[in-house]
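In terms of the UniProt record's numbering, the sequence shown opens at residue 1 and continues consecutively.
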Amino acid sequence: MKAKATLKQIAKELGVSVSTVSKALNDSPEISEQTKVKIKEYAKLKNYKPNVIGLNLKNRKTKTIGVIIPNILNSFFAKVFSGIEKVADKKGYNVITCISNESLEKEIHTLEMLSNGTIDGFILSVSEEAQKLQDYNHFSEIINDGTPIVMFDRIADEVDCDKVVVDDFDSALNSTQHLINLGCKNIALISSVDNLSVGKLRADGYLKALKDNNISVNEKIILRTDSEDDMKAKIDSIFDHKIDGIFALDENDSVAALRVSLKKGYRVPEDISIIGFADGILASRRLSPSLTTVSQHGIEIGEVAAKRLIQRLEEPEGETSDYETIVIKTKLKERESTRKV
1 MKAKATLKQI
11 AKELGVSVST
21 VSKALNDSPE
31 ISEQTKVKIK
41 EYAKLKNYKP
51 NVIGLNLKNR
61 KTKTIGVIIP
71 NILNSFFAKV
81 FSGIEKVADK
91 KGYNVITCIS
101 NESLEKEIHT
111 LEMLSNGTID
121 GFILSVSEEA
131 QKLQDYNHFS
141 EIINDGTPIV
151 MFDRIADEVD
161 CDKVVVDDFD
171 SALNSTQHLI
181 NLGCKNIALI
191 SSVDNLSVGK
201 LRADGYLKAL
211 KDNNISVNEK
221 IILRTDSEDD
231 MKAKIDSIFD
241 HKIDGIFALD
251 ENDSVAALRV
261 SLKKGYRVPE
271 DISIIGFADG
281 ILASRRLSPS
291 LTTVSQHGIE
301 IGEVAAKRLI
311 QRLEEPEGET
321 SDYETIVIKT
331 KLKERESTRK
341 V
């Protein structure tokens, strides 16, 4: 018995989009007669059978949003999801959540699995591996096939879609400036997210603040790594040099910076001031002293992303609004790890 072909297989073999194949098989006036005949004959040859359930779902909309997050253990993503679910529930949409585990392969598989009539659109943050390899074709293919995507936090500039981000560069610049205003002159940078777009933007903000204040860059107190393990293995070396401030670019970096500072005998904030990026429970409630942090407003990011996607999904037939990049402003939450001016 011959295996049944899929729309995607037919599209690939004929060098057209899945949308073109679907429209041709459904006698859409948008497709030329010559193309229709060619696709229909090929589909028959390949034993294609339409997925009636999938077609029905596609036609009437599923009222379901697919959410793909890179890491379930990161409290920021949990907050974003909370915001997404709040808006989706209010608007009558269901949410299916999947985790890429920072894997490009899993990200691609999840997109393909859910875009086959299961969901109407995606809200997602790009996986670490996709950013490292700069491989974003899978997003463009999904969008070209008619399924909208809203990216948040970690985005791909190369992909044309709606995006919701925080002001990573400006907030890093302002945080470093805050440490300088407190009197810090030797400010260390600690990052385990240097392979991510957000990590690079935050590091650039830190460097710009130093330049603006005519402070020389000291590479010996700058630790830029691609993983938490690598950061923890190298963080001790920072304390071999004179430092009086630390700017940490991720919640795990912030916690490590505080713990190692205390272990090395520094008094926080009397001897050293620390500011960390992200505002999870660890930073605000479970550490002593509590950390001054850059709050990313995760819930607000989720709400804005969900509203933007639903707005696009509910646009009248034939009307397509321009893509937007919406910037959410961060806020510095001062706690015990920075000394008062």
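All C-beta atoms, glycine included, are put in the ideal place defined by N, C-alpha and C.
Quick one: is residue i buried, meaning 16 or more other Cβ sit within 10 Å of its Cβ, or exposed?
i, result
"residue 175", "buried"
"residue 231", "buried"
"residue 163", "buried"
"residue 308", "buried"
"residue 12", "exposed"
"residue 267", "exposed"
"residue 23", "buried"
"residue 74", "buried"
"residue 56", "With a pLDDT of 43 at residue 56, under the threshold of 50, the modelled position of this residue cannot be trusted; read the value that follows with caution. Exposed: under 16 other Cβ atoms inside 10 Å."
"residue 72", "exposed"
"residue 194", "buried"
"residue 125", "buried"
"residue 321", "exposed"
Pull up the distance between the alpha-carbon of residue i and that of residue j, whole angstroms please.
i, j, result
"residue 253", "residue 261", "12 Å"
"residue 140", "residue 68", "16 Å"
"residue 138", "residue 111", "8 Å"
"residue 324", "residue 172", "23 Å"
"residue 326", "residue 63", "24 Å"
"residue 25", "residue 5", "13 Å"
"residue 159", "residue 250", "25 Å"
"residue 14", "residue 38", "9 Å"
"residue 20", "residue 289", "60 Å"
"residue 276", "residue 210", "17 Å"
"residue 17", "residue 306", "27 Å"
"residue 134", "residue 240", "35 Å"
"residue 339", "residue 248", "16 Å"
"residue 53", "residue 170", "In this predicted model, residue 53 has a pLDDT of only 45, less than 50, meaning its place in the structure is not dependable; the value taken from the coordinates is given anyway. Their Cα atoms are separated by approximately 48 Å."
"residue 264", "residue 207", "26 Å"
"residue 40", "residue 28", "12 Å"
"residue 45", "residue 66", "34 Å"
"residue 77", "residue 35", "44 Å"
"residue 234", "residue 259", "14 Å"
"residue 257", "residue 90", "40 Å"
"residue 227", "residue 92", "39 Å"
"residue 343", "residue 87", "Any question about residue 343 goes unanswered here, given that the chain covers just 1 to 341."
"residue 10", "residue 31", "16 Å"
"residue 142", "residue 148", "8 Å"
"residue 42", "residue 136", "30 Å"
"residue 229", "residue 255", "13 Å"
"residue 212", "residue 61", "52 Å"
"residue 273", "residue 161", "39 Å"
"residue 58", "residue 205", "Because the pLDDT at residue 58 is just 48, under 50, the model does not fix this residue reliably, and the value given afterwards should be weighed accordingly. For residue 58 and residue 205, the distance between alpha carbons rounds to 44 Å."
"residue 334", "residue 269", "12 Å"
"residue 33", "residue 129", "43 Å"
"residue 278", "residue 217", "24 Å"
As a quick exercise: from the options, pick the residue whose alpha carbon is nearest that of residue i.
i, options, result
"residue 109", "162, 265, 78, 127", "127"
"residue 103", "118, 131, 86", "131"
"residue 336", "143, 16, 287", "287"
"residue 332", "313, 178, 205", "178"
"residue 117", "225, 145, 101", "145"
"residue 242", "271, 229, 255, 214", "271"
"residue 298", "61, 330, 213, 217", "330"
Output yes or no for whether 9 Å exceeds the beta carbon distance between residue i and residue j.
i, j, result
"residue 401", "residue 150", "The question about residue 401 has no answer here: the residues shown for the chain are numbered 1 through 341."
"residue 99", "residue 106", "yes"
"residue 280", "residue 185", "no"
"residue 344", "residue 48", "In the structure displayed, the chain extends from 1 to 341; residue 344 sits before or after that span and is not available."
"residue 312", "residue 183", "no"
"residue 328", "residue 165", "yes"
"residue 168", "residue 202", "yes"
"residue 94", "residue 70", "no"
"residue 238", "residue 215", "no"
Count the C-beta pairs between the region 312-325 and the region 288-298 that are closer than 8 Å, then say yes if the count reaches three, no if not. no
Taking 8 Å as the threshold, find out whether the region 184-203 comes into contact with the region 144-156 through three or more Cβ pairs. yes
Does the contact criterion of 3 or more C-beta pairs under 8 Å hold for the region 72-89 versus the region 295-310? yes
Taking 8 Å as the cut-off, does the region 208-224 touch the region 177-194 (at least 3 CB pairs, one atom from each stretch)? yes
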